[in-house]
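J.: With numbering that gives the first Met the number 0 as the guide, the letters of the sequence shown map in order to residues 0 to 409.
For each residue, glycine too, the CB sits at the ideal point set by N, CA and C.
Keep in mind it's a predicted model, so treat the numbers as computed, not measured.
The structure under discussion is supplied below as structure tokens; questions concerning it will follow.
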Amino acid sequence: MDSASTIKILILDDDTFMLKLLSRMLVKLGYTAIAMCDNGSDALKKIDHADTCPDLILLDLNMPNMDGIEFVRYLVDRQYHGKLILVSGEDERMLKTAEKLVHAHKIPMLGYVHKPVDPDKLAEILLGWKADVLNPLSPNRKIYSANDTKSAIANRELVNYYQPKVSVETGDVVGVETLVRWHHPQDGVIMPDRFIHVAEENNLIDDLTRLVLTQAIVQAGEWHRDGQTLRVSINVTMENLASLNFQDMVVNLVNENNLPPQKIVIEITESQVMGSDTRIPLEILTRLRLKRFHLSIDDFGTGHSSLSQLRDIPFNELKIDQGFVHRAWTDDTLRAIYDASLAVGKQLGMDIVAEGVEDRDDWELLRQTGCDMAQGNFISRPLLPADLPRWMAEWHSRVSTELLIGSTAS
Ligand code: C2E
Ligand code: CA
Ligand code: CA
0 MDSASTIKIL ILDDDTFMLK LLSRMLVKLG YTAIAMCDNG SDALKKIDHA
50 DTCPDLILLD LNMPNMDGIE FVRYLVDRQY HGKLILVSGE DERMLKTAEK
100 LVHAHKIPML GYVHKPVDPD KLAEILLGWK ADVLNPLSPN RKIYSANDTK
150 SAIANRELVN YYQPKVSVET GDVVGVETLV RWHHPQDGVI MPDRFIHVAE
200 ENNLIDDLTR LVLTQAIVQA GEWHRDGQTL RVSINVTMEN LASLNFQDMV
250 VNLVNENNLP PQKIVIEITE SQVMGSDTRI PLEILTRLRL KRFHLSIDDF
300 GTGHSSLSQL RDIPFNELKI DQGFVHRAWT DDTLRAIYDA SLAVGKQLGM
350 DIVAEGVEDR DDWELLRQTG CDMAQGNFIS RPLLPADLPR WMAEWHSRVS
400 TELLIGSTAS
């Protein structure tokens, strides 16, 4: 229990009685490094100093001046890397919505507790977290620095995985999306959510993209020589497009590997650090499209300017974000967004890919609604190239036996 005392916890609640109550509960659970604030501005001051920046914040949603949601936004600006527990008297639905908001900002949420706070519930959440936090070497907690990321790129520890994308109508395997992982010599396989933003914030994203792109196009070339004419998608942020040599790099790679440009799909996501000048990215994308590369708008519906991007950029493909796909068959709100995204994409003549297809129900919704392509764990997890042939064989037999669709695939 003694190591719990080194964990810094900040409680933010405008109600001073709640502050005392929560801090007493935490002390009982063995946590002693507790700070309390009754307003957001004071709390932010603590977060701005390394000595007082907490490992965990217990955050009240309802506060008179700066409310909890606004506070979360400031946490994002400060790149807060600690954890969060929401505390509120609001109903379940409201708390869930708030949880999703926090999640969308990529701040790790441990959970939420209702007021009046049940000490057992709080203990349960903290217990789940402690196993992780008490072992500082645990890869789950480790934060990677710019230097770590830089040497990962230099040492080519970044490995491309490929997630299959299939036709909903025929079951044919149409392509794959390149998803990078870090094969860390000590920590094992590290997912991109843990290092892409580090690369973005430290001017390393161009180097990362160059490596991923080179590996992916070389791999696509190999598949093509083997008669496997897969379309290979690569994730590119708007930030990558800020320098004009992006286009030369892609064009050269495709030529060197004897690939038709139609087989390369550039998936565009908005970078968090994108400047306001969008002229160069627009120019690069338009020219890539003129050269017959395919352009895809990724995570459709999640960004602020998704619709204006549709207006400004000649995309071939629209990817409906997984947050609107999985369980859309049973959730009216998700379903409305899914239907609207599908409709706008169809109307613009784009191919529609639904991401995050996790189960048979998700798959059936795609079939009923005429979505073009599906991607998700129901079909396959991201794979190493060596595992692709075995998966293909399995998938073809699933298509004809379990999914009962007549595949035209060879
Ligand atoms: P994304 O482009 O939206 O990629 C889809 C993510 O959803 C992948 O996570 C994939 O593994 C995951 N996924 C696939 N099927 C399912 C499913 O059925 N259910 C659920 N819950 N998730 C599923 P991953 O590989 O962790 O990548 C996360 C994000 O990291 C990607 O989101 C992409 O934005 C970024 N990323 C990955 N590779 C690169 C890269 O090479 N360059 C850049 N700039 N970003 C990358
Ligand atoms: Ca993507
Ligand atoms: Ca996506």
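Sort out for me which residues DSSP pairs Y161 with in a bridge.
T.: By 1-based counting over the sequence shown, the position of residue 161 is 162. Partner(s): T177 and L382.
J.: Are I267 and V235 close, meaning C-beta to C-beta below 8 Å?
T.: By one-based count along the sequence shown, residue 267 stands at place 268. By one-based count along the sequence shown, residue 235 stands at place 236. Going by C-beta atoms, I267 is nearer than 8 Å to V235.
J.: Return yes when at least one heavy atom of ligand 4 lies under 7 Å from the C-beta of K105, else no.
T.: This structure simply doesn't include ligand 4; it includes ligand 1, ligand 2 and ligand 3 instead.
J.: So does the region 279-291 actually touch the region 243-263, counting three or more Cβ pairs closer than 8 Å?
T.: Cβ pair count under 8 Å is three or more, so yes.
J.: Any idea what DSSP makes of D225, helix, strand or coil?
T.: Counted from its first residue, the sequence shown places residue 225 at position 226. Here D225 sits in coil by DSSP.
J.: Any heavy atom of ligand 3 closer than 7 Å to the CB of D320?
T.: Taking the first residue of the sequence shown as position 1, residue 320 is located at position 321. Yes, since a heavy atom of ligand 3 falls inside the 7 Å radius drawn around the Cβ of D320.
J.: In its own chain, which residues sit with a C-beta less than 6 Å from the C-beta of W222, not counting the 5 before and 5 after it?
T.: Taking the sequence shown and counting its residues from 1, the one referred to as residue 222 is at position 223. Taken in chain order, the residues that qualify are L229.
J.: Distance check for Y111 and E98, CA to CA, integer angstroms please.
T.: Translated into positions along the sequence shown, residue 98 becomes position 99. Translated into positions along the sequence shown, residue 111 becomes position 112. Computed Cα separation, rounded: 8 Å.
J.: Report, in whole angstroms, the separation of the C-beta atoms of K211 and N159, which I expect to be a contact under 8 Å.
T.: As a first step, residue 211 must be located in the sequence shown, where it is residue number 212. As a first step, residue 159 must be located in the sequence shown, where it is residue number 160. Here residue 211 turns out to be Val, not Lys, going by the sequence shown. Confirmed, Cβ separation roughly 6 Å.
J.: What is the residue span of the beta strand (DSSP E) that M108 lies within?
T.: Within the sequence shown, numbered from 1, the residue matching residue 108 stands at position 109. M108 to H113 is the span of the beta strand (DSSP E), which, as asked, contains M108.
J.: How many Å lie between P53 and W181 at the Cα?
T.: Residue 53 sits at position 54 when you count from the first residue of the sequence shown. Residue 181 sits at position 182 when you count from the first residue of the sequence shown. Computed Cα separation, rounded: 28 Å.
J.: Our contact map puts F323 next to S340 with C-beta atoms below 8 Å; I'd like the distance itself, whole angstroms only.
T.: As a working note, residue 323 is residue 324 in the sequence shown. As a working note, residue 340 is residue 341 in the sequence shown. Contact holds; Cβ gap of about 7 Å.
J.: Ignore the nearest five residues each way along the sequence and tell me which others in L18's own chain have a CB closer than 7 Å to its CB.
T.: One-based indexing of the sequence shown puts residue 18 at position 19. Answer for L18: I10, D12, M35 and D37, listed in chain order.
J.: Run the CB neighbour count on L347, radius 10 Å, all protein chains shown included, and call it buried at 16 or more, exposed below.
T.: One-based indexing of the sequence shown puts residue 347 at position 348. It counts as exposed.
J.: Measuring from the CB of D371, is there a heavy atom of ligand 3 at a distance below 7 Å?
T.: For the purposes of this step, residue 371 is identified with residue 372 of the sequence shown, where counting begins at 1. For ligand 3, not one heavy atom lies less than 7 Å from the Cβ of D371.
J.: State yes or no: is the C-beta of D297 within less than 8 Å of the C-beta of K318?
T.: The sequence position of residue 297 within the sequence shown is 298, counting from 1. The sequence position of residue 318 within the sequence shown is 319, counting from 1. Cβ distance < 8 Å, so D297 and K318 count as in contact.
J.: By the DSSP assignment, the beta strand (DSSP E) with K82 in it spans what residues?
T.: On the sequence shown, position 83 is the one that residue 82 refers to. Counting along the chain, the beta strand (DSSP E) containing K82 begins and ends at K82 to S87.
J.: Whole-angstrom Cβ separation of V172 and Y161, contact assumed at under 8 Å?
T.: Here residue 172 is taken as the residue at index 173 of the sequence shown, counted from 1. Here residue 161 is taken as the residue at index 162 of the sequence shown, counted from 1. No, V172 and Y161 are not in contact; Cβ-Cβ is about 11 Å, not under 8 Å.
J.: Answer yes or no: the CB of P163 versus the heavy atoms of ligand 1, is any distance below 7 Å?
T.: Translated into the one-based positions of the sequence shown, residue 163 becomes position 164. P163 Cβ: outside cutoff for every heavy atom of ligand 1.
J.: Check whether the Cβ of E354 lies closer than 7 Å to any heavy atom of ligand 3, and answer yes or no.
T.: Indexing the sequence shown from 1 puts residue 354 at position 355. Correct: E354 has its Cβ closer than 7 Å to ligand 3.
J.: Kindly indicate which residue of D350, L365 and M349 has the alpha-carbon position closest to the one of V356.
T.: For the purposes of this step, residue 356 is identified with residue 357 of the sequence shown, where counting begins at 1. The residue with the shortest Cα to Cα distance from V356 is L365.
J.: Could you tell me whether the Cβ atoms of V116 and M24 are closer together than 8 Å?
T.: Here the question's residue 116 lines up with position 117 in the sequence shown. Here the question's residue 24 lines up with position 25 in the sequence shown. Closer than 8 Å, so yes.
J.: Which parts of the region 5-59 are runs of the beta strand (DSSP E), unbroken and 3 residues or longer, counting only runs that do not cross its ends?
T.: Segments of the beta strand (DSSP E) lying fully in the region 5-59: 8-11, 33-36 and 55-59.
J.: Rounded to a whole number of angstroms, what is the C-alpha to C-alpha distance between S295 and M372?
T.: Within the sequence shown, residue 295 is the residue found at index 296, counting from 1. Within the sequence shown, residue 372 is the residue found at index 373, counting from 1. Answer to the nearest angstrom: the Cα atoms are 13 Å apart.
J.: What's the call for R224, buried or exposed, on a 16-neighbour Cβ count within 10 Å?
T.: Position 225 of the sequence shown, counting from 1, holds the residue named residue 224. Label assigned to R224: exposed.
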